[in-house]
Amino acid sequence: MSNNQNLKDVLESFRSGDITLQEAETQISGLRLDIVGDYARIDSGRSVRCGIPEVVLAENKDTDHLLEIVEAMVTGNGRCIASRVLDFQAGELEKLCKRLGYEFTYNPKGRTFVASRVPPPEKTGGIVGIVTAGTSDIRVAEEARVIAEEMGCVVKTAYDVGAAGIHRLFPVIKDLLDVHAFVVCAGREGTLPTVIAGLVDKPVVGVPVSVGYGFMGEGQAALASMLQSCAVLTVVNIDAGFTAGAYAARIANQVVLK
Numbered sequence: 011m012s013n014n015q016n017l018k019d020v021l022e023s024f025r026s027g028d029i030t031l032q033e034a035e036t037q038i039s040g041l042r043l044d045i046v047g048d049y050a051r052i053d054s055g056r057s058v059r060c061g062i063p064e065v066v067l068a069e070n071k072d073t074d075h076l077l078e079i080v081e082a083m084v085t086g087n088g089r090c091i092a093s094r095v096l097d098f099q100a101g102e103l104e105k106l107c108k109r110l111g112y113e114f115t116y117n118p119k120g121r122t123f124v125a126s127r128v129p130p131p132e133k134t135g136g137i138v139g140i141v142t143a144g145t146s147d148i149r150v151a152e153e154a155r156v157i158a159e160e161m162g163c164v165v166k167t168a169y170d171v172g173a174a175g176i177h178r179l180f181p182v183i184k185d186l187l188d189v190h191a192f193v194v195c196a197g198r199e200g201t202l203p204t205v206i207a208g209l210v211d212k213p214v215v216g217v218p219v220s221v222g223y224g225f226m227g228e229g230q231a232a233l234a235s236m237l238q239s240c241a242v243l244t245v246v247n248i249d250a251g252f253t254a255g256a257y258a259a260r261i262a263n264q265v266v267l268k
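According to my numbering, the residues represented by the sequence shown are 11 to 268, in order.
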C-alpha cells in the first residue's frame, strides 16, 4: 500500500469519526516519508510509529549521499543518528554540521555520529545495563549505548567482566540490579550472556561479537553458543549493537510506561 493510500485511510477515519484529531495527527506523523533524490526514502515517522528512530547505516554509502540524507533527516526530524561511520565519513559529517550550525557527537569507538538542531531526547526513566566480556567487545557495546540513550534511556556500563575471571562479574551484577534490561556483548565462546541470564530477573539480550580466530571464529562460535543457551536469552546477529540497544531500550521504556 502506498503512502498516499495510507494517508487517505487516516483522513477517511477521521472524517467518519472513527478516530480523534490527535489520533489522526499521530498516525499521519508515523506515515511520513521524506524522499532524497532518487536514492533514499527516509522513514521519518518511524520513531512515532515504532518508538525507535530511523538510523542511517553509513557503511558502503556514497559520501555525498550520506551527507544529503543526514541533512534531510536533521531538517525533517531535528535529529539524525548514523551508524558504522568511518573516520573519513565522520570528518565530512563534522564539516556539514559546522556549516549548517548543527550540534554533533562522534563516538569513534562505537562508530556512531549524531547530528542535531534540537535538544537531546528527554529521559524516559528507562535504564539499560550494557556489559561486555572483553575489552575487544566495547565497540559493539558503544553502538548499543548510543541508540539506547537516543531513545531516552539512562545507560549503565560494565566492561571486561568475562567468564575467564568470573569473580569480576559479581560486584557488577550488584551495581546493575536497578536496570530494566541488559545488553551483554561477548566474542570467542560467547559464555557471558548465558551466565548473566542465569543470575538476574531482567530480560537479557546477547550480542555475539566478531572476536576470536580459527575454527568458528569471527563471532560464529559465540552466536552458536548463545542460541543454545540454557538460560532464557534473546540473541541478535553478530555485531548487531544497534539492534540490541534498541530492543533493550524499547523494553525499558515499556516498563516505565506501565
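We put the CB at the ideal spot given by N, CA and C, even for glycine.
- Query: If we call anything under 8 Å between Cβ atoms a contact, is Ala232 one with Gly208?
  - Reply: no
*Whole angstroms is fine: what's the gap from Ser23's alpha carbon to Val242's?*
42 Å
* Of the listed residues Gln230, Tyr223 and Val214, nearest to Cys240 (C-alpha basis) -> Val214
Next item on the list: Confirm, please, whether the CB-CB distance from Val165 to Ile206 is below 8 Å.
Entry: no
Self-check item: CB-CB length for Val84 against Ala92, believed under 8 Å
Solution: Not really, about 11 Å apart at Cβ, beyond 8 Å.
Original post:
Apart from the five residues on each side of it in sequence, which residues of its chain come closer than 7 Å, Cβ to Cβ, to Arg184?
Top reply: Here the sequence assigns Lys to residue 184, which means Arg is not the residue at that position. If we look at Lys184 and ignore the five residues flanking it on each side, it has no Cβ neighbours.
Gly255 - DSSP class collapsed to helix/strand/coil:
helix
Would you check if there are 3 or more beta carbon pairs closer than 8 Å linking the region 242 to 260 to the region 144 to 157? yes
Note to self: With a threshold of 8 Å between beta carbons, is Lys184 in contact with chain B?
What the structure shows: Looking for chain B here will not work: only one protein chain is present.
Query - First and last residue of the uninterrupted alpha helix (DSSP H) at Gly86 - result: Thr73 to Asn87
* CA nearest to the CA of Glu193, picked from Ala151, Arg89, Gln264 and Asp44 -> It should be noted that the sequence gives Val, not Glu, for residue 193. Of Ala151, Arg89, Gln264 and Asp44, the residue nearest in Cα terms is Ala151.
Checklist entry - Mind pulling the beta strand (DSSP E) runs of 3 or more residues that sit fully within the region 146 to 227? => result 164 to 168, 191 to 196 and 214 to 218
- Task: Going by CA-CA distance only, name the one from Glu199, Thr73, Cys163 and Ala125 that's closest to Ile137.
- Result: Cys163
I'd like to know whether the C-beta atoms of Pro203 and Met161 end up nearer to each other than 8 Å. no
Kindly indicate the opening and closing residues of the alpha helix (DSSP H) around Val58. Arg56 to Cys60
Q | Through-space distance from Leu43 to Cys1, alpha-carbon basis | A | Absent from the structure is residue 1, since the part of the chain shown begins at 11 and ends at 268.
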